[in-house]
Structures are given as structure tokens and as C-alpha cells.
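Colleague:
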Amino acid sequence: MLMQQLLNGIVVGSVYGVFALGFTLIFGVNHIMNMAHGTIFMWGAFAGLFVVLTFDAPFLAAVLAGAIGGGLLAVVLDFFAFRPLRKRNAPEFSSIVSSIGASFILLSLAQQVTATRVLRFPFETFPVVILNFMGLRIQLLQLVIVGIVVVMVFGLLFYLYRTSYGRQIRSVAFSESTSKLLGINPMAVNFQVFFISGALAGIAGVLIGIVFNSVHFMMGEPLLLRAFVVIILGGLGSIPGALIAGLLIGIVQTLSVAYLSAGMADAIVFSLLFLVLLFRPTGLLGGATSVARVTRS
Amino acid sequence: MLTIENLSVGYSGIRALRGVSLTVRQGEIFALIGPNGAGKSTLLNAVSGMVPAAEGSVRLEDETITGRPAHRIARSGLIQVPEGRRVIAPLNVRENLELGRQAAGQRGSDSSDLDKVHSLFPILAERRDQLAGSLSGGQQQMLAIGRALMGRPRILLLDEPSLGLAPVIIREVFNALVKLNAQGLTILLVEQNAKMALETAHRAAVIEQGRVVHSGDANALMNDPVVADHYFGRAAA
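Chain order of the listed sequences is A and B. Under my numbering, think of the first position of the first sequence as 1, with each following residue one higher. Under my numbering, think of the first position of the second sequence as 1, with each following residue one higher.
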């Protein structure tokens, strides 16, 4: 039973990690707390659901649609909500307010479109296949999700640390002005960062939508709050931190639901946050390795 | 090569640069000297597109580059090595150099560029895997220059390359600049170390309070009693 719950926790936690990765990436590069990240996740889930319902598309196409939908939405968000502020060198606080505003617009839009209903992926979107392994009941879906997460994480790390594009992203994260002197176009970098961030959120949206078999306009909001916990635990701007903390939160939450009560889950997660802040104010991995180390210059 | 005409820059009401005109000729080292706050760095940053010009124009050969975004100016071959080096600290030496290729843009770059930088500053080859932020000041200056060279500059702008470096390292950096110039690179140099700058440059200008107050042959400026009085009195002390 415990192992079974741990497994469920790892699956959910890995998706939290991916969600938080996108959040922390934008924070690390642009110093923006993107409060609309949860709505991008939700719209990503809608994009996936849309292609499934309309074109009878298979599972992987839904994931792809979530990635593209989320990515494009994030780019549009950057264009309207953040770029005008960047141009004026507005303080970082204004981007928080601006993203909250954007998230309300995106939320209400989703509420209107769905008439506040809870939508579901059709059952045949992903066949229920259960594998028995050492007494554990593992769903094929769970394996596929963990597989997708692993591929995304390694893909992201490869992109950031082994390609010229990634080098440019890390350069802009460190100093936008110096990067410009080197011929790096910060607008192109921002485009990539927002697209990647939104794609990660969108994929997470489709996966969570399928796992919990529910897609609705508020689905992103609790996740956004948990993402705060994840990135604070993991250390702001840290990629490995976001993943490890994501897994941890997923496990803690699943175990709380299983052994205590569903209502207590968030209370426990946030108590954990308080404890870590008391004893390790920079997060579990904070300050050690961050891609996108948060440096102002 | 580089023609600056009547360039003015204002920061929130304060005129940092008032109608500066200068010409840097192909193949020369041109030095800008002057006291702190005279507008030397502002001039470089206006030319590089980092601060907007209020008036005037900058031409690189026949192209007018005024008003272009900074990264496009870098890509057109005018590359600045900024004050304080500004290496990308969390990236290693090799990655910093690779970043410099961005400025080469359509002019292209290949493995020979890296070899050239390594032969100019062998220490950068030795330290290739070390994080840029952990280098000494002199090594960071070499990295910043090497990084700019990776972009195949048509003209190299340097802002206070001697700042905070030990005399022996300053010598090494300036020797490298002279060597690059001998290979045909045009250099515009901003320096507070007037003696060093005038000894290295072919021509120079003195900037005070946002204006060019003297300009001409570097040797002549060095022997000009007014300039000597102002700048070597302190530099020699």
C-alpha cells in the first residue's frame, strides 16, 4: 500500500516538477513571477482536449497540442503583459500585478468557453492497461507520464547546457545588457524562454487532465500555489531543485491524502514550506546549482 | 571607418554628451581620454546602441547605425568590450568565447577564430573549463577581449581595459591590442590611464564635460603642455 502510494506520488510529483520548471525558468531568466502560469497550464489542457474531441487525435497528439498551445499562449502573454513593462524598465513588482491581471482574463475566458463545466478526456484517449510488478499495480499511463517527464527534463537540460541557444539563454539570464553587446538578441531569447515555459506547463496540463480525468477552468490555480512551494523548496531558479521538490511535494501530498485526509494535504505541504524556510531559507538546493542563477546586473 | 557626427546624449535632463564629432580611421588605434564622468563611456555606449542618442549620427563605413538595437550594431561588426569586463560569470571560459560568435552573424565564424584567440591569450586555452567568474581580473579582461574577437569585429571598442589591473597585466593587455592592430584591427579605446593610452594610440581626443576639448595626433597631445598638466600630473603621481 505504501509503495503503491509512493508510486502515485512520484507520478503526480514529476508532473508538478515539470510545471514548476517552466515557472522557475522565467523567473531565472526574466526575474518575473509569472502568476498566469497556472492558466497557461489550464489552457494547455484545453488545447489537448480540443484536438482529442475534435479530431479524435491520439494521446501523443494531445500532449503535443498542449505543448504548442501552452507555448504560444505564453509567448502572447509575454508580448502583451511583460514586454511593455520591460521596455519601460518597470519594477519587478509590476510584472506580478500584470500577470495576475492576465491570469484573470484567461480564467474568465475559459469559464465562458466551458460554461463552468468540468470536461473529461474520452476514456479511450489512453487505454487502461495495468501491469503487475512485484505486487504493485502500475498503470501504463503512469509509466508513460514518467517517461515523458524524463524526456522533457533531459531535453531541457540538453537545450540549456549543450546548444548555442541555451548558452544565449543563460547569458541573458546573467546579464541582458552584456548579452546585447555580444550580438545576442534578447527578444529572440525571451521568445524561446516563454515558449519553453508555456510548453512545459501545457504538457503538464494535458497529463494532469488525463490522470485525474478532469479539465476545468480552475485546475491551474492550486497547482500555481504548489509551484510556489516547489520553487521555494528547490531554490529559486534551480532546475534540479524544482524537480526534486516537485517529486517531494507530489509524494507528501499523495501520502497525506491516503493516510490522513484530503483536506489536510495542502496544509501539510505548506507546513513543510514553513519548516524549510525556517531552517534552510535559500531552499533545499538553493544557491548550489542554478541555471538561471538569479543575478542582477 | 567610424564617423561620429554631432552626437548628443541626455540622461533625464542632464546632457552627458554635447555634440561630439570624431572620426576613427581604418587601421588605427584611437584613444579617448578624460576625467571620470566626462562622458567617455557614454560615448561608447551611444555608439554601441546601449543608450539612445538625442541628436547626431554614427556611421560605420557607409552604414548609418544610429538608432539600431545594440545586438544588431554588434552584428554589423562594431563590438564593445565593456567596462569592468562583464564576463558571463556562471559560464565557463569556452562557453563565453562561443557566445562571442553571435556577433559574427552573417560575416560567419569558424574554428580558426578560437585558435587565434587561444594563440593571443594562451591562458584562455589552459582555463577553458573554468567558470569565467573564477578568473582573475586580468584573465577576465583577456576573456572579454577574446570573446569580442570571436565576433570578427571590424572595429573594436574598449572601455577602460586597464581598470583595476596590475601594471604588468595592463602591459600584457596593451601589447595584445597593439598586436591585433598590427594585424589590421581598428581600435577605439577609452582610458583614464592617459599616459598608457597616448603611448599606444595613433590619434586621440580629450573629452571633458561631454565635449571634445582637444584632439589630434597622440604624440602631439602627449607633448601638449595643457594636456600634460591635466593628465600626467595625476597619472605620474
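Here a beta-carbon is modelled for each residue, glycine too, at the ideal position from N, C-alpha and C. Only a predicted model underlies this, so the values are computations on that prediction, with no experimental measurement involved.
Which residues does DSSP list as the beta-bridge partners of His214/B?
Modeller: Val206/B.
Colleague: Determine the burial state of Pro161/B: buried for a count of at least 16 other Cβ atoms within 10 Å of its Cβ, exposed for fewer.
Modeller: Under this definition Pro161/B is a buried residue.
Colleague: Look up Ser57/B in the DSSP assignment and give the residues it is bridged to.
Modeller: The partner list for Ser57/B (beta bridge, DSSP) reads Glu5/B.
Colleague: Would the segment 35–52 of chain A and the segment 218–225 of chain A be scored as touching if the rule is three or more Cβ pairs under 8 Å?
Modeller: Segments in contact, yes.
Colleague: Please name the residue in Gln4/A, Ala262/A, Asp56/A and Pro127/A whose C-alpha comes closest to that of Met134/A.
Modeller: It is Gln4/A.
Colleague: Go through the segment 151–222 of chain A residue by residue and report every complete run of the alpha helix (DSSP H) that reaches 4 residues or more, in order.
Modeller: Correct list: 164–174, 176–181 and 186–211.
Colleague: Using the Cα positions of Leu216/B and Ala204/B, report the straight-line distance between them to the nearest angstrom.
Modeller: Note that residue 216/B is Gly in the sequence shown, not Leu. Near 6 Å, if we compare the C-alpha coordinates of Ala204/B and Gly216/B.
Colleague: Measuring CB to CB, does Gly246/A end up less than 8 Å from Gly13/A?
Modeller: Yes, the pair counts as a contact, with Cβ atoms nearer than the cut-off.
Colleague: Whole angstroms is fine: what's the gap from Glu63/B's alpha carbon to Leu157/B's?
Modeller: Whole-angstrom Cα-Cα distance: 17 Å.
Colleague: Under 6 Å Cβ to Cβ from Arg85/B, same chain only, skipping five residues before and after it: list those, please.
Modeller: These residues qualify, in order along the chain: Gln140, Gln141 and Ala144.
Colleague: Would you say Arg127/B lies against chain A (beta-carbon separation less than 8 Å)?
Modeller: No, because no Cβ of chain A sits closer than 8 Å to the Cβ of Arg127/B.
Colleague: Count the other CB atoms within 10 Å of the CB of Gly39/B; is the residue buried (16 or more) or exposed (fewer)?
Modeller: So Gly39/B ends up on the buried side.
Colleague: Taking Pro58/A as the reference, give the member of Ile210/A, Leu156/A and Gly234/A with the closest Cα.
Modeller: Cα-wise, what sits closest to Pro58/A is Ile210/A.
Colleague: Would you say Gln139/B faces chain A, with C-beta separation under 8 Å as the test?
Modeller: Chain A, which has no Cβ nearer than 8 Å to the Cβ of Gln139/B, makes this no.
Colleague: Against Lys87/A, what residues of chain B qualify as contacts under a CB-to-CB distance less than 8 Å, listed in chain order?
Modeller: Here the premise fails: no neighbours, minimum Cβ distance about 12 Å.
Colleague: On the DSSP bridge list, what partners appear for Asn132/A?
Modeller: BP columns for Asn132/A point to Arg137/A.
Colleague: CB Ile155/B to CB Val24/B, shorter than 8 Å?
Modeller: Yes. Within cutoff.
Colleague: Give a yes or no on whether 8 Å exceeds the smallest Cβ distance from Ala288/A to chain B.
Modeller: Residue placement at Ala288/A is flagged as unreliable, the pLDDT there being 42, under the threshold of 50; the coordinate-derived value follows with that caveat. Chain B, which has no Cβ nearer than 8 Å to the Cβ of Ala288/A, makes this no.
Colleague: Report the residue ranges of all alpha helix (DSSP H) runs contained in full by the segment 16–67 of chain A; include only those spanning at least 4 residues, in chain order.
Modeller: The qualifying runs are 37–55.
Colleague: May I have the straight-line CA-CA distance separating Leu141/A from Leu207/A, to the nearest angstrom?
Modeller: In a straight line, the C-alpha of Leu141/A is about 9 Å away from that of Leu207/A.
Colleague: With 16 as the cutoff for other CB atoms within 10 Å, does Ser174/B come out buried or exposed?
Modeller: The residue asked about is misnamed: residue 174/B is Phe in this sequence, not Ser. Phe174/B comes out buried.
Colleague: With 7 Å as the limit, tell me which residues of the segment 81–107 of chain B have their beta carbon closer than that to any beta carbon of chain A; keep them in chain order.
Modeller: Of all residues in the segment 81–107 of chain B, Pro82, Arg86, Ile88, Ala89, Pro90, Leu91, Glu95, Glu98, Leu99, Gly100, Gln102, Ala103 and Gly105 have a Cβ within less than 7 Å of some Cβ in chain A.
Colleague: Whole beta strand (DSSP E) runs in the segment 118–198 of chain B with 3 or more residues, listed along the chain?
Modeller: Counting whole runs of 3 or more residues, the segment 118–198 of chain B contains the beta strand (DSSP E) stretches 155–159 and 186–191.
Colleague: Pick helix, strand or coil for Phe80/A, following the three-state DSSP scheme.
Modeller: Helix, per DSSP.
Colleague: Could you tell me which of Ser256/A, Met264/A, Met187/A and Val229/A sits nearest to Thr282/A, measuring between CA atoms?
Modeller: Comparing Cα-Cα distances from Thr282/A to each of Ser256/A, Met264/A, Met187/A and Val229/A, the minimum goes to Val229/A.
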